[in-house]
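There are 8 protein chains.
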Amino acid sequence: MSAQDKKALVGIIMGSDSDLPMMAEATKALEKFGIPYELEIMSAHRTPARAHEYATTALGRGLKVMIAAAGAAAHLAGVMAANTTIPVIGVPMGTSSLNGLDALLSTVQMPGGIPVATMAIDKAGATNAAIFAAEILGLSDPAIAKKLVEHKEELAKAVDEKNAKLKAKLAEGKA
Amino acid sequence: MSAQDKKALVGIIMGSDSDLPMMAEATKALEKFGIPYELEIMSAHRTPARAHEYATTALGRGLKVMIAAAGAAAHLAGVMAANTTIPVIGVPMGTSSLNGLDALLSTVQMPGGIPVATMAIDKAGATNAAIFAAEILGLSDPAIAKKLVEHKEELAKAVDEKNAKLKAKLAEGKA
Amino acid sequence: MSAQDKKALVGIIMGSDSDLPMMAEATKALEKFGIPYELEIMSAHRTPARAHEYATTALGRGLKVMIAAAGAAAHLAGVMAANTTIPVIGVPMGTSSLNGLDALLSTVQMPGGIPVATMAIDKAGATNAAIFAAEILGLSDPAIAKKLVEHKEELAKAVDEKNAKLKAKLAEGKA
Amino acid sequence: MSAQDKKALVGIIMGSDSDLPMMAEATKALEKFGIPYELEIMSAHRTPARAHEYATTALGRGLKVMIAAAGAAAHLAGVMAANTTIPVIGVPMGTSSLNGLDALLSTVQMPGGIPVATMAIDKAGATNAAIFAAEILGLSDPAIAKKLVEHKEELAKAVDEKNAKLKAKLAEGKA
Amino acid sequence: MSAQDKKALVGIIMGSDSDLPMMAEATKALEKFGIPYELEIMSAHRTPARAHEYATTALGRGLKVMIAAAGAAAHLAGVMAANTTIPVIGVPMGTSSLNGLDALLSTVQMPGGIPVATMAIDKAGATNAAIFAAEILGLSDPAIAKKLVEHKEELAKAVDEKNAKLKAKLAEGKA
Amino acid sequence: MSAQDKKALVGIIMGSDSDLPMMAEATKALEKFGIPYELEIMSAHRTPARAHEYATTALGRGLKVMIAAAGAAAHLAGVMAANTTIPVIGVPMGTSSLNGLDALLSTVQMPGGIPVATMAIDKAGATNAAIFAAEILGLSDPAIAKKLVEHKEELAKAVDEKNAKLKAKLAEGKA
Amino acid sequence: MSAQDKKALVGIIMGSDSDLPMMAEATKALEKFGIPYELEIMSAHRTPARAHEYATTALGRGLKVMIAAAGAAAHLAGVMAANTTIPVIGVPMGTSSLNGLDALLSTVQMPGGIPVATMAIDKAGATNAAIFAAEILGLSDPAIAKKLVEHKEELAKAVDEKNAKLKAKLAEGKA
Amino acid sequence: MSAQDKKALVGIIMGSDSDLPMMAEATKALEKFGIPYELEIMSAHRTPARAHEYATTALGRGLKVMIAAAGAAAHLAGVMAANTTIPVIGVPMGTSSLNGLDALLSTVQMPGGIPVATMAIDKAGATNAAIFAAEILGLSDPAIAKKLVEHKEELAKAVDEKNAKLKAKLAEGKA
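Protein chains in written order, with my numbering: chain A, 1 to 175; chain B, 176 to 350; chain C, 351 to 525; chain D, 526 to 700; chain E, 701 to 875; chain F, 876 to 1050; chain G, 1051 to 1225; chain H, 1226 to 1400.
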């Protein structure tokens, strides 16, 4: 049974289907952690009613964390945060002419009172949004907490293996 | 009878009362043009329900133009634009550590479909928002249209007078 | 009879024919709203006399709104605004090495007294300039006002359809 | 009994005592939510050993969330995140010549695998870090969850009161 | 007889009288070089007709060089350059919230065909505009050419004297 | 006889042969104006002695204007200006990761006393550097002055022709 | 015997194997100077323990200089500098959406007390890191010092040859 | 005997006496490490001959390291590096309207072949330039090497003391 079959704990929403390739990094990571999620395309500006409804019902529907991705004047995460008390994570998309600086500032510079936990622009941010959601859920779910420790070890191992491969290649070069 | 007594044609909204000194430039300009307005403090993030209500009822209440001022991750104008079909003018406030670059990008970089007419950061933008509202209303109100022509002449005259004063001062200096 | 045959209400001007692919978004949107427009290539710097003439005669020729697109030190919208009292909308083009940050600041940071309603850089801005023109004209033209409401519904519907398609695809993936 | 007497759930760390006035916003907010915290000055660069120790022992000591504030090449939050699996929130300080743009990018642009939940620069970010910590803890603590709902209501009420005061003042002006 | 009494060779224009303290650096430098100048306040946006007239008559009136100072969406130098074939020097004023980055880009990023010789933001730029005008005029005026050589020597001497003073102070400190 | 055969009046120097495609715009423009020039590759940092020699002998060798192109920490124009009293024009190259913002600031932000007349980044700047040199030389050479007037007319004509072509195409589309 | 066989004096470390093509410029330069080096992939965030170990043992293992390359929130050089007293050179990689501005600020804006000698973004920075290491080692190694003088001559010669080639080509063009 | 009496190993140069308050941080640090230095005011642009002479004679006069501070289009460090093979450290001064971003890019973005080791803008950079010079000299001077270790311990101790003071104050607050 995949993570999609269980009741979603994390809601991933994005402003446009063009954000899907980036946000696939988030779904891959959540699946790895075994965290059930739901995926929606909605827009703070184009579907304000649905966005509002999604935010206000999130807590009641059992969502624990929201991940909102948007580009340019990226308001989606802010609109979510304004209408819920569960943690909202924002991922700025670098889709405009300004390479995501606009989306970053629109997401992170929230006024006092309404936090959005902002991640890096694009792919790294999408991955980290999922891991951060796992860190939140891991506080009360030992299985996820354990996977987070393993994930940290894998990250280190992957770098170590690249390093070993480089060393081997350099050694060969000298032989 | 002041402009405040008549049925408001322009709704000026701002995210915080700290924006009032800036936005007073807008009310002064509207009063000069004899355009009735209303003034509200509301926040896309802190009073999302009231903001939503304000936007969706604006057209029905007879508003013709909205002016929305906000700083930092400035979403107020965008939220208005998402929920109405009357023209929304955005004024970025330079209140954060980034001097308004964040508010400018959050206001101007709206996605295709939902325009916000963005003005300059701070005071110049507040003044221009009011004049732009007058330009819109002047299309169907000859009295405002006439005042806009006079306003342009006054602008030129004010510069010319400063120039004359400078010339006089320079001439004195040589006498 | 197409929108081009009727007396133009909106004047779209651009600094170079290289801006045409972007500004085609504006003409498409105006045609959808049934708003007659005219299209001109002119330059604040290379054809200053024609630009001046265009701006000063706009009101008399019956134009209601102007849309001016330019890149780099984008002065075209500002020159228009300095010489007319009808609303001028500026669209910054991201054509220079600085990706449109220069055009954005040159267009939006107008001094108090001479507003330019600035839209997003490039394509989104071109589309939104047309919609904003429709919003202005819709204040006194119920047909346009109605189309604006429909347009908002279509925007939402398009996002909803993308969302449904995504959901279907995800469901298939699990079957 | 104040929040300081109970076993800390949130660790607030900052790179310098000059960050205290900003981070006092975070402690005030945590106290309001009744969340016990601890406060430490440590530096990723000047006390790397203590920083490392703090991060690696955080989970074992019962901390649930970390808030790290730093300016300039702000590495403190990143170092924490590299060495723990509990959620780390970063607050960029605008203390350098570049007004916090450096601290913002150093905090938010984390590589895939190691998330830091970044808040706004300076005061708003400090407040929001605390509220975001409350949102995380509120997922499993109904008392905090309830206070978050009240907090949202208070935010709205505070804006509404400012609005009422403004309205009253405007009305007086006309009387 | 001061430089002001002779027929002006350099026209200094500025968008606002608030630019005078900066541009006084330019007049001081021109007087030092004995170059007659005229000083005008005019605006590309507020007095477009006078600006246009000034530019188109400059050559005929015997002006050899123009210096144009403006802030924000600084179009003044560009408007001059569009309407004359004498060299136009632009000085960006750092008067807006963005500290002159807007004025710099609006002045320097001119399209191919219409050059504006852009100087540094604010005071250094004002001084250098005058010296650059002297360099242009010095090509055909040996007296100015000689003064430019002397000016370079004075610049070096001033630095050398500051250096000597520092050395003396350091020596004292050790005695 | 081409412009290259006569004694050079303009010295074009560039930091690297990779700048040649950009600077060819400058040589084309100078040839059009019939202005003899010389072309050199030299570097403020890699050939400081030759750069110094070139600058200090420029006036004596009969050069009237220098055009210096460089990218990144673009010091070439500044080094020239420090060592000559003839006008130096700087053209920032957008060759680094920062798209020329670094070269622009390194070229334009010269300290008071040592002006560099800065043009736009890349191609537009290269063209304009040549035209600006022509404007300087045209002050004492009526043939060049006349060509500058013709050049302005050609610029306008080229835009007008593009406009006519567009109009024709639009008319066809409707037929 | 290549530089790789001798005991390493310079440690080059990089955050990811995707940085290798850039950092190959550094190894090429070190080999040219005959300076033995070692090459490691490690990450401040993914392998913090190994990074810490590497830094704290560097001096004891005989390393004289470290070169650390990283992108985005580039903390690698800072972590090295925090844990060693040998000179650490940082090379910002332009790998993120922001083209290296983030990595530059994360590397260069170190707090007082912990220096990182920062080089240019990407390739030029990688080359220069190696040359700077040679300049440090050349202070006590006359063979390297001599090679540095030769390197400077070669740099000049390479530019001179490009210049001669250009001149020849231009002369041909006229023949 | 103070550090000033011995033969200078480090040459500190700055573009203007207004940089002295910043660069006093460097002299204080060098004195603490017992490293003899000399201090000169010179300018790449205003005293190019002296700057050139200083750079070319540095090695012969026994200097081991140079520290060059300059603001705006900061070329001083680059000019030094172009004319010497000893390590040159650059400190960008935040003296212009752009807060040092211009000086930072002008200093750090050096072309391949000519490194400048760039430090942070302003005070932190001045301090770190001195410490980095000590790290270079400490490679062959055990007394300096020892002081560097002590300095690192003092840095940590100072932070720890601030931390202890904070803890004490917090404890008092609760008593």
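Beta carbons: idealized from backbone N, C-alpha and C, even for Gly.
- [ ] Decide if S527(D) is buried, meaning its Cβ has at least 16 other Cβ atoms within 10 Å, or exposed.
- [x] Numbered from its first residue, the fourth sequence carries residue 527(D) at position 2. At S527(D), the pLDDT of 48 sits below 50, so the modelled position is not reliable and the matter cannot be decided from this model.
- [ ] Would you grab the beta carbon distance between F482(C) and I436(C) for me? Rounded to a whole angstrom, and I think it's under 8 Å.
- [x] If you number the third sequence from 1, residue 482(C) lands on position 132. If you number the third sequence from 1, residue 436(C) lands on position 86. Incorrect: roughly 13 Å between the Cβ atoms, too far for contact.
Open item on the list: Is R236(B) close to chain D? Criterion is C-beta to C-beta, closer than 8 Å.
Closed with: Working through the second sequence from its first residue, we reach residue 236(B) at position 61. Residue-level contact check: R236(B) does not touch chain D, since none of the beta carbons of chain D fall below 8 Å from its beta carbon.
TODO: Taking all protein chains shown into account, decide if E660(D) is buried (16 or more other Cβ within 10 angstroms of its Cβ) or exposed.
DONE: Working through the fourth sequence from its first residue, we reach residue 660(D) at position 135. By the neighbour-count rule (16 or more Cβ atoms within 10 Å), E660(D) is buried.
Task: Residue burial classification, E200(B) (beta-carbon count within 10 angstroms, cutoff 16) - done: If you number the second sequence from 1, residue 200(B) lands on position 25. E200(B) should be labelled buried.
Task: Beta-carbon proximity list for G1287(H), same chain, < 8 Å, skipping 5 on both sides - done: Along the eighth sequence, read from residue 1 onward, the residue named residue 1287(H) stands at position 62. Within the same chain, G1287(H) has close Cβ partners K1232, A1233, L1234.
Open item on the list: Helix, strand or coil for T1282(H)? Go by DSSP, reduced to three states.
Closed with: Here residue 1282(H) refers to the residue found at position 57 when the eighth sequence is read from its first residue. Helix, per DSSP.
Task: Given N163(A) as reference, the closest of I1062(G), D1067(G), G1061(G) once Cα atoms are compared - done: As a first step, residue 163(A) must be located in the first sequence, where it is residue number 163. Nearest C-alpha to N163(A): D1067(G).
Task: Supposed close pair A257(B), H45(A) - CB separation, criterion 8 Å - done: Here the question's residue 257(B) lines up with position 82 in the second sequence. Here the question's residue 45(A) lines up with position 45 in the first sequence. About 4 Å separates the beta carbon of A257(B) from that of H45(A), a gap short enough to meet the 8 Å contact definition.
- [ ] Excluding the 5 residues preceding and the 5 following K1372(H) in the sequence, name in chain order all residues of the same chain whose CB lies nearer than 6 Å to its CB.
- [x] Counting from one through the eighth sequence, the residue named residue 1372(H) turns up at place 147. Excluding sequence neighbours, K1372(H) sits near F1258.
Open item on the list: Give me the residue from I188(B), K332(B), E347(B), L312(B) with the minimum Cα distance to A226(B).
Closed with: Indexing the second sequence from 1 puts residue 226(B) at position 51. Looking at the Cα atoms, I188(B) is the closest of the given residues.
TODO: Note down, one range per segment and in chain order, each alpha helix (DSSP H) of at least 4 residues found wholly within the segment 72-123 of chain A.
DONE: Segments of the alpha helix (DSSP H) lying fully in the segment 72-123 of chain A: 76-82, 101-108.
Task: Pairwise C-alpha distance: A1031(F) and P398(C) - done: Here the question's residue 398(C) lines up with position 48 in the third sequence. Here the question's residue 1031(F) lines up with position 156 in the sixth sequence. If you take the alpha carbons of P398(C) and A1031(F), they lie about 8 Å apart.
Open item on the list: Let me see if you follow: with CB-CB separation under 8 Å, is S1227(H) close to chain G or not?
Closed with: Numbered from its first residue, the eighth sequence carries residue 1227(H) at position 2. Residue confidence is low: S1227(H) scores 47 on pLDDT, short of 50, so the model does not pin down where it sits. No coordinate-derived value is stated.
- [ ] Could you tell me which of T818(E), A772(E), P842(E) sits nearest to G715(E), measuring between CA atoms?
- [x] In the fifth sequence, the residue the question calls residue 715(E) occupies position 15. When only C-alpha atoms are compared, the closest one is A772(E).
- [ ] Using beta-carbon positions only, say whether I67(A) and L516(C) come within less than 8 Å of one another.
- [x] Locating residue 67(A) in the first sequence gives position 67, where the first residue counts as 1. Locating residue 516(C) in the third sequence gives position 166, where the first residue counts as 1. No, the pair does not count as a contact, with Cβ atoms beyond the cut-off.
Open item on the list: According to DSSP, is A768(E) part of a helix, a strand, or is it coil?
Closed with: Here residue 768(E) corresponds to residue number 68 of the fifth sequence, with the count starting at 1. Here A768(E) sits in strand by DSSP.
TODO: With DSSP collapsed to three states, give me the class of M197(B).
DONE: Locating residue 197(B) in the second sequence gives position 22, where the first residue counts as 1. Here M197(B) sits in helix by DSSP.
Open item on the list: Taking beta-carbon pairs under 8 Å, can you tell me which members of the segment 611-634 of chain D lie near chain H?
Closed with: Listed in sequence order: S621, S622, L623, N624.
TODO: Work out the CA separation of I464(C) and T406(C) for me, nearest whole Å.
DONE: Taking the third sequence and counting its residues from 1, one reaches residue 406(C) at position 56. Taking the third sequence and counting its residues from 1, one reaches residue 464(C) at position 114. Each residue's Cα considered, the two are about 14 Å apart.
Task: I1085(G) to A1179(G) span [Cα, whole Å] - done: Along the seventh sequence, read from residue 1 onward, the residue named residue 1085(G) stands at position 35. Along the seventh sequence, read from residue 1 onward, the residue named residue 1179(G) stands at position 129. If I take the Cα positions, the gap works out to 13 Å.
TODO: Using the Cα positions of R997(F) and V633(D), report the straight-line distance between them to the nearest angstrom.
DONE: In the sixth sequence, residue 997(F) corresponds to position 122, counting from 1. In the fourth sequence, residue 633(D) corresponds to position 108, counting from 1. The residue asked about is misnamed: residue 997(F) is Asp in this sequence, not Arg. Their backbone Cα atoms lie some 32 Å apart in a straight line.
Open item on the list: Which residues in chain E have a C-beta closer than 9 Å to the C-beta of V334(B)? List them in chain order.
Closed with: By one-based count along the second sequence, residue 334(B) stands at place 159. G715, S716, D717, I741, M742, S743, R746, T747, R750, listed in chain order.
Open item on the list: Is there a C-beta anywhere in chain F that falls below 8 Å from the one on I1292(H)?
Closed with: Numbered from 1 along the eighth sequence, position 67 holds the residue referred to as residue 1292(H). I1292(H) does not count as touching chain F.
Task: Cβ-based burial, K1219(G) [other Cβ within 10 Å; buried from 16] - done: For the purposes of this step, residue 1219(G) is identified with residue 169 of the seventh sequence, where counting begins at 1. By the beta-carbon neighbour count (other beta carbons within 10 angstroms, threshold 16), K1219(G) is exposed.
Open item on the list: Need the endpoints of the beta strand (DSSP E) that G536(D) sits in, please.
Closed with: For the purposes of this step, residue 536(D) is identified with residue 11 of the fourth sequence, where counting begins at 1. Counting along the chain, the unbroken beta strand (DSSP E) around G536(D) starts and ends at 535-539.
TODO: Express the C-alpha separation of L273(B) and G1048(F) in angstroms, rounding to a whole number.
DONE: Sequence index remark: in the sixth sequence, residue 1048(F) carries index 173 (1-based). Sequence index remark: in the second sequence, residue 273(B) carries index 98 (1-based). Taking the straight line joining both Cα atoms gives about 48 Å.
Task: Backbone secondary structure at L323(B) - three-state DSSP - done: The sequence position of residue 323(B) within the second sequence is 148, counting from 1. L323(B) falls in the helix class under three-state DSSP.
- [ ] With a threshold of 16 other CB atoms inside 10 Å of the CB of G663(D), please say whether the residue is buried or exposed.
- [x] The residue you call residue 663(D) lines up with position 138 of the fourth sequence. Sixteen is the threshold: when 16 or more other Cβ atoms of the shown chains lie within 10 Å of the Cβ of G663(D), as they do, the residue is buried.
Open item on the list: Just checking: is the beta-carbon of T756(E) within a distance shorter than 8 Å of some beta-carbon in chain F?
Closed with: Mapped onto the fifth sequence, residue 756(E) falls at position 56. So, not an interface residue.
TODO: State the beta-bridge partners of I741(E) as determined by DSSP.
DONE: Within the fifth sequence, the letter at position 41 stands for residue 741(E). I741(E) is bridged to M714(E).
Task: Amino acids of chain F, ordered along the chain, whose beta-carbon sits closer than 8 Å to that of G778(E) - done: As a working mapping, residue 778(E) is identified with position 78 in the fifth sequence. Simply none; closest approach about 11 Å.
TODO: Return no unless some Cβ of chain B is closer than 8 Å to the Cβ of D666(D).
DONE: Counted from its first residue, the fourth sequence places residue 666(D) at position 141. So, not an interface residue.
Open item on the list: With a threshold of 8 Å between beta-carbons, can I538(D) be considered close to chain K, or not?
Closed with: The structure shown contains no chain K; the protein chains it does contain are A, B, C, D, E, F, G and H.
Task: Distance between Y54(A) and A70(A) (C-alpha atoms, nearest Å) - done: Within the first sequence, residue 70(A) is the residue found at index 70, counting from 1. Within the first sequence, residue 54(A) is the residue found at index 54, counting from 1. Straight across, the Cα-Cα distance linking A70(A) with Y54(A) is about 16 Å.
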